[in-house]
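J.:
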Amino acid sequence: MQQIDKKLNNIDDIFEFTAHEKFSDLHFKWNEELNLKAIIAIHSTKFGPSLGGCRFIEYPNTDSAVIDALRLARGMSYKNAMAGLNYGGGKAVIIKPREMPDRVAFFEAFGEFVNELGGRYITAKDSGSTLEDMDVIASKTNYVASTSAMVDPSPFTALGVKQGILAAIEHLYQKKDLEDMHVAIQGVGYVGYYLAKYLHELGARLTVCDIDQTAVRRCVEEFGASQVATNEIYSVPCDIFSPCALGAIVNDETLPLLHCKIIAGAANNQLAQIRHGQALFDKGILYAPDYIINAGGVIHATYKYDNRSDEQANEKIINLYEVLLHVFEQSKKEQKPTDIIADEIAYAKLHN
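Numbering-wise, the sequence shown is residues 122 to 473 according to the numbering used here.
#1: Using three-state DSSP, classify L407 as helix, strand or coil.
#2: Could you tell me which residues DSSP pairs with H148 in its beta bridges?
#3: From V309 to K470, what does the alpha carbon distance come to, in whole angstroms?
#4: Within its chain, find whatever has a CB closer than 6 Å to the CB of I461; leave out the 5 residues flanking it on each side and keep chain order.
#5: Along the chain, where does the alpha helix (DSSP H) containing P276 start, and where does it finish?
#6: Looking at I413 and M203, is the spacing between their C-beta atoms short of 8 Å?
#7: Is the beta carbon of G196 within less than 7 Å of some heavy atom of the ligand MG?
#8: Specify whether the segment 405–421 and the segment 443–450 touch according to this definition: at least 3 beta carbon pairs, one from each stretch, less than 8 Å apart.
#9: Is the beta carbon of T244 sitting closer than 8 Å to the one on V257?
#10: Cutting at 6 Å between CB atoms, please list the residues of its own chain near Q456, excluding the five before and the five after it.
#11: Measuring alpha carbon to alpha carbon, tell me which of E154, G240, T335 and G196 ends up nearest Y262.
#12: Of the choices L367, G232 and D464, whose alpha-carbon is the least far from that of C175?
#13: Does the Cβ-Cβ distance between G209 and K167 come in under 8 Å?
#14: If we ignore side chains and look at the alpha-carbon of each, how far apart do F138 and K297 end up?
#15: Along the chain, where does the alpha helix (DSSP H) containing E212 start, and where does it finish?
#16: So what does DSSP say about H447, is it helix, strand or coil?
#17: Spell out a yes or no on whether the segment 305–321 and the segment 353–363 are touching, meaning 3 or more CB-CB pairs, one atom from each, closer than 8 Å.
#18: Can you tell me whether M454 is buried or exposed? The criterion is at least 16 other CB atoms within 10 Å of its CB, across all chains shown.
#19: Taking only the alpha-carbon atoms, compute the straight-line gap between T423 and T459 and give it to the nearest angstrom.
#20: V371 lies in the alpha helix (DSSP H); which residues open and close that run?
#21: Determine the direct distance from the alpha carbon of S198 to that of W151, and round the result to whole angstroms.
Structural data, given as structure tokens:
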């Protein structure tokens, strides 16, 4: 995903930028009493109402929060379009205050803000917000796609990553299974654990790492995985490197360490900069664009929001195999990095 790095110095810059990037609208809410400063960016509603998480973290200034909202909203448009969902892309950013005397009232006010948009934006849990916060928001609006009443999306996200890995080995090796394939998984908490389970069942040999040693031991005991230190995972000789934790893990420091032919994992924003996608392409490493391969969670969330079954969601998630196979084939045909090909396809879907 191409990064938004233009500095928004004044309101004219915001209008200029949102017009250039074809954003639909940008909404602000300030509640002085509760110290609520919230931004909702709606990038596209071409395929349906915009949907994206609610990020609740500290920002150095308002400009940084606006840029984050815009970047993430566009990312959700691309993700939802490539997943073939009847939803557009949006994102909420709440600037986390130093003091918040009443968290319930705080998120009630945000729920009212979401409701004022009349369904143009549907929110969900994201960094810093909790399912309990979503429950509070849901007391003020129906436009919430994740609450404590819903099941853990991790197995569904992992299913999509598994499908992406299968598409990658089909494209690169003309193989249909993972027998004798070595996968190094970075992060075996929620999604990474289920991915390890799925890949083990398909015959893969696993090497894992995590800052949580309990999660590592679980994979060692259940799947016979090997373990390495977190700073050693990049240099593990393997067929597939699967980042399922941190973002920006493909960078100037890690690129020379990689000894894999495929990068396919659940982590968001895996490329530190656009040029790192080109660097992977030049090294002959096949990269599965993160916002496609990790779309299983949002697919499941939207299907549950629409009162559709897990089985229907799984069918859609399994189809990510075909989506990624097409991206890989186009990358080979056009001799362009897979992340650029994915962006071009998503852009065409949204604007043609």
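We treat Cβ as the ideally placed atom computed from N, Cα and C, and that holds for glycine.
T.: With the structure as the only source:
#1: In the sequence shown, counting from the first residue as 1, residue 407 sits at position 286. Three-state result, L407: strand.
#2: Within the sequence shown, numbered from 1, the residue matching residue 148 stands at position 27. According to DSSP, which records beta bridges pairwise, H148 is partnered with I161.
#3: Taking the first residue of the sequence shown as 1, we reach residue 309 at position 188. Taking the first residue of the sequence shown as 1, we reach residue 470 at position 349. Distance between the alpha carbons of V309 and K470: 34 Å.
#4: Along the sequence shown, read from residue 1 onward, the residue named residue 461 stands at position 340. Around I461: no qualifying Cβ.
#5: Your numbering for residue 276 matches position 155 in the sequence shown. First-last of the alpha helix (DSSP H) with P276: S275 to Y294.
#6: Sequence index remark: in the sequence shown, residue 203 carries index 82 (1-based). Sequence index remark: in the sequence shown, residue 413 carries index 292 (1-based). Going by C-beta atoms, M203 is nearer than 8 Å to I413.
#7: The ligand MG is absent from the structure shown, which contains no ligand whatsoever.
#8: yes
#9: If you number the sequence shown from 1, residue 244 lands on position 123. If you number the sequence shown from 1, residue 257 lands on position 136. Contact: no.
#10: Taking the sequence shown and counting its residues from 1, the one referred to as residue 456 is at position 335. Correct list: empty, nothing qualifies.
#11: Position 141 of the sequence shown, counted from the start, is the residue given in the question as residue 262. Note that residue 262 is Thr in the sequence shown, not Tyr. That would be G240, whose Cα lies nearest to the Cα of T262.
#12: In the sequence shown, residue 175 corresponds to position 54, counting from 1. That would be G232, whose Cα lies nearest to the Cα of C175.
#13: What you label residue 209 is simply residue 88 of the sequence shown in a count that begins at 1. What you label residue 167 is simply residue 46 of the sequence shown in a count that begins at 1. In this structure, K167 lies closer than 8 Å to G209 by Cβ.
#14: Mapped onto the sequence shown, residue 138 falls at position 17. Mapped onto the sequence shown, residue 297 falls at position 176. Computed Cα separation, rounded: 45 Å.
#15: On the sequence shown, residue 212 is found 91 positions in, with the first residue counted as 1. Looking at the sequence shown, residue 212 is not Glu but Lys. Where K212 is concerned, there is no enclosing alpha helix (DSSP H), although the beta strand (DSSP E) it sits in stretches over G209 to I216.
#16: Here residue 447 refers to the residue found at position 326 of the sequence shown. Reduced to three states, the DSSP call for H447 is helix.
#17: yes
#18: Here residue 454 is taken as the residue at index 333 of the sequence shown, counted from 1. In the sequence as displayed, the identity of residue 454 is Lys instead of Met. By the neighbour-count rule (16 or more Cβ atoms within 10 Å), K454 is not buried but exposed.
#19: For the purposes of this step, residue 423 is taken as the residue at position 302 of the sequence shown. For the purposes of this step, residue 459 is taken as the residue at position 338 of the sequence shown. Cα to Cα, the separation comes out at about 26 Å.
#20: On the sequence shown, position 250 is the one that residue 371 refers to. Looking at the DSSP string, V371 is not in any alpha helix (DSSP H), and its letter there is neither H nor E.
#21: Numbered from its first residue, the sequence shown carries residue 151 at position 30. Numbered from its first residue, the sequence shown carries residue 198 at position 77. Straight-line Cα distance between these residues: approximately 26 Å.
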